[in-house]
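In what follows, a single structure is set out as structure tokens and then discussed.
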Amino acid sequence: MRPIYLDNNATTRVDPEVVQAMLPLFTDQFGNPSSIHDFGASVGAAVKEARRQLQALIGAEFDHEITFTSGGTESDNAAILSALEVMPHRTEIVTSAVEHPAVLTLCAHLEKTRGIKVHTIPVDRHGRLDLDAYRAALTPHVAIVSIMWANNETGTIFPVAELADLAKEVGALFHTDAVQAVGKLPMDVKSVAIDMLSLSGHKVHGPKGIGALYVRRGVRFRSLVKGGHQERDRRAGTENTAGIVGFGKAAELALKFMDDQNTRVKSLRDRLEKGLLQRIPNAFVNGDLLERLPNTANIAFEYIEGEGILLLLSREGIACSSGSACSSGSLEPSHVLRAMNVPFTAAHGAIRFSFSRDNSEDDVDRVLEVMPGIVEKLRDLSPFGGRRDEVSRNFDPV
Ligand code: PLP
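Just so we're aligned, residue 377 is where the sequence shown starts under the numbering used here, counting upward by one.
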């Protein structure tokens, strides 16, 4: 049985071209890019090329606006902590209820330990940001707004250009976690008022443990990691050169496959979604149907546990996820679905299918073949199984 991987928002397969690009960095090109001799210089040039490849992917004006980090989590932390440091007189942060824990956990920590006021903007039933609450939270006390470009669980896209303009009106910095959006949505950061943007290698068929932070030229920045002068004093520590080169190659490929994401991959996602909703009663899509990443389908199957679905799909060789990878393992519905007020009997049965350029029509056919039987089987075992109609009267599924 050929395994089917539909958990690409958790991580992606490293592209073989990326592996090839990285290999020399483990053999001949082992130098330290800070060294002046030839061993260092050739690696320095490779790092520079990777910076250019990332610059091209997001449409940054200058390559030095890209700083390499250890991943999306570090980039998010670095952006927020830097803003508080460069604007010590501003003690408030604006974020959303559906951010990744890389942002939300840091914000909670800052609130508790440093008395920072955090405005957590709610979302509606479709995961859309409450713009009135957002406007109301924006005051000259806000140091930074950190709102993701697209949500990792539902794929819902936030209007970051508009949000950034509003943040600028009160002099706040605007950071966006674009970890899930990059490579799936065309980006041109030079034409929007985004000050900082987080990226991660392993979500775009690059290696794990490498990421980047875009910092617009002219935006003051303080390094999170203190030490040597690497990355123009923005991120101390000898560079993860193989990771950087791999990430650069992955960025180049992501740009090449951008159209594929928005045509072929999107149509696979749409066919799966439509097929599941046609075949399975009491199922609905979580997220904004119009403003959504092309690769993500979050579907709630009412009256059953997502973990049960995952287990039975896994027996069929199909990998996907319930909630985010970080929160799976606990039976609590994810903070994202809770923030969206998805009814509890549906939130528990929410499954995220996330596609990539590696997926095919056959993958969709296989899921459509096995999924109705799995849901039926679990519903027969469910405590709600016998009184579905009674329960569903309380719901307002979309
Ligand atoms: N932000 C978002 C939206 C994510 O989906 C993830 C990964 O799941 C991260 C941040 C963290 O990135 P990394 O795994 O590179 O630290």
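Positions of the beta carbon are idealized from the N, C-alpha and C atoms, including for glycine.
Cβ of residue i within 8 Å of any chain B Cβ
i, result
"F597", "No chain B is part of this structure, which consists of one protein chain only."
Of the listed residues the options, nearest to residue i (C-alpha basis)
i, options, result
"I497", "I680, C483, A513, H485", "A513"
"G544", "S522, L644, R728, A659", "For the record, residue 544 in the displayed sequence is Lys; it is not Gly. Comparing Cα-Cα distances from K544 to each of S522, L644, R728, A659, the minimum goes to S522."
"L666", "G531, L713, L542, G420", "G531"
"I620", "L505, H581, N674, R596", "H581"
"I434", "V536, N671, L575, L482", "L575"
"I469", "F729, S567, I492", "I492"
"R728", "G603, N385, Q405, L486", "N385"
"D571", "N658, V601, A459", "A459"
"K625", "R378, L399, P379, I380", "L399"
"F660", "P670, L669, L648", "L648"
"T481", "C696, P516, H711", "H711"
Residues bridged to residue i [DSSP beta-bridge criterion]
i, result
"F550", "V521"
"K493", "E468"
"V558", "L561"
"V661", "I675"
"L589", "T443, S574"
"L505", "V499"
"R428", "According to DSSP, which records beta bridges pairwise, R428 is partnered with nothing at all."
"T532", "R668"
"D383", "S730"
"S697", "R728"
Distance cut-off 7 Å: residue i Cβ against heavy atoms of ligand 1
i, result
"G448", "yes"
"Q431", "no"
"H578", "yes"
"N384", "no"
"L476", "The amino acid occupying residue 476 in the given sequence is His; Leu does not appear at that position. Yes, Cβ of H476 sits closer than 7 Å to a heavy atom of ligand 1."
"N671", "no"
"R587", "Per the sequence shown, the amino acid found at residue 587 is Gly instead of Arg. For ligand 1, at least one heavy atom lies less than 7 Å from the Cβ of G587."
"V555", "yes"
"N528", "yes"
"D734", "no"
"D664", "no"
"M524", "yes"
"D756", "no"
"D452", "yes"
Inter-residue CB distance, residue i and residue j (contact presumed, cutoff 8 Å)
i, j, result
"N801", "R501", "Past the edges of the chain, shown from 377 to 774, lies residue 801, and the structure says nothing about it."
"G682", "G725", "5 Å"
"E450", "G587", "6 Å"
"V474", "V499", "6 Å"
"K584", "G577", "7 Å"
"R645", "L744", "Contact doesn't hold; Cβ gap of about 13 Å is too wide."
"A327", "F623", "What is shown of the chain runs 377 to 774, which leaves residue 327 out entirely."
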